[in-house]
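In what follows, a single structure is set out as structure tokens and then discussed.
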Amino acid sequence: MKIGSSVSIVFKYFVTGIMISAVLSATACTPALPVKGFSNITLEGVVAAISVNPQAFGQGIENVKEGYVALIKENGNYTVIRTSGMAAQELLWTKKGLYFSDRDSDYFIGKKSDGGWMSKRKADGKVPYQNFLVEDREGGAVAAFDLGFTDKVSNQLKIIPMFSSQKPYTITSRILSAAAFCGPKLVGITAEENNSDKVHPDIEARDYVTLKDLSKDSGNISVYDSGGRSFNVISYGNAVCRTSQLFSILSERVSETTEKTVPF
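Just so we're aligned, residue 2 is where the sequence shown starts under our numbering, counting upward by one.
Structure, rendered in structure tokens:
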């Protein structure tokens, strides 16, 4: 396929996604949506999927009980799955099919070549704030949800292996900027704000990056700390592991107090 045609196809699906988002956001004054029951959904002919959910944190999203996942076909037609809503909802495509979650359930839609099978199960103990959804070594999915923090408890993330015999577990961690599996280990990148941190006092009001082992029995240890170097995480939510190395895109921050003298 030529590059030009690839760009035009991507742009077409992007525009289609925007139009669907606009339609779903204005359902009160539009025709009935092409909503299908989950048991009637298939990925046959589907080339893209988008999530449409309230995304504003701290604005009553706990009371939102509805969201949508739209499946877009190559001809521009689409079908809609109504969900119970999920802020920052992630959609994960693997060779097996499509994974996603709402506040009540986990979903998997298999490819047509795999018999078109699909599953849904009740997943207790989740909240409407998703942090990440990544592929594991077997082509399955592992999701994380932000449980938040209190005056007495640091921020907690709940890790849920989807459709797995492995049990969910909770770790103490800030929201992760990116995550991936490196072999059997689930690792993640956090950008720790340094305003009151005494570990790196030379980085005032900046972020330093840590790489953490998030596996169940790891103790959530830091395996890398950027120390005196400050970064912005550019590829939020995107990371890949190759040959036991995690790859993500970071931008090193230059000191804002640095001055250069330029002669006239």
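The C-beta atom is built at its ideal place from N, Cα and C for all residues, glycine as well.
- Straight-line spacing of the CA atoms in K186 and D214 works out to 7 angstroms.
- Boundaries of the beta strand (DSSP E) harbouring R122: 119 to 123, taken from the DSSP string.
- Taking C-beta atoms as the reference points, F150 and K159 fail to come closer than 8 angstroms.
- DSSP places E67 in no beta strand (DSSP E); its state is neither H nor E.
- Scanning K112, T191, Q90, D107 for the CA closest to the CA of K96 turns up K112.
- Looking at the DSSP output, M163 bridges to A142.
- Here K74 has G46, V47, V48 as same chain residues with Cβ atoms under 7 angstroms from its own Cβ, once five neighbours each way along the sequence are excluded.
- Counting the other CB atoms within 10 Å of its CB gives P129 a total of 16 or more, which places it among the buried residues.
- A straight line joining the alpha-carbon of T171 with that of V154 spans about 13 angstroms.
- The C-beta distance from S106 to K121 rounds to 6 angstroms, short enough to meet the 8 angstroms contact threshold.
- T171: member of the beta strand (DSSP E) spanning 170 to 173, first to last residue.
- Each of T80, N76, N54 was checked against the Cα of F39, and the nearest Cα belongs to T80.
- Where D107 is concerned, the enclosing beta strand (DSSP E) starts and stops at 106 to 111.
- One Cα belongs to G86, the other to V53, and the distance between them is close to 9 angstroms.
- The Cβ-Cβ distance between A144 and I190 does not fall below 8 angstroms.
- Here I82 really is in contact with K37; their C-beta atoms are around 7 angstroms apart, less than 8 angstroms.
- Assignment of S102 by DSSP, reduced to helix, strand and coil, places it in the strand class.
- Boundaries of the beta strand (DSSP E) harbouring Q131: 131 to 136, taken from the DSSP string.
- Take K66, set aside five residues on each side of it, and the residues of its chain with a beta-carbon closer than 7 angstroms to its own are S85, G86, in chain order.
- With a cutoff of 8 angstroms on beta-carbon distance, C242 and A142 are scored as not near each other.
- S155: not part of any beta strand (DSSP E); DSSP gives it neither H nor E.
- Between L134 and Y100, the C-beta spacing is below 8 angstroms.
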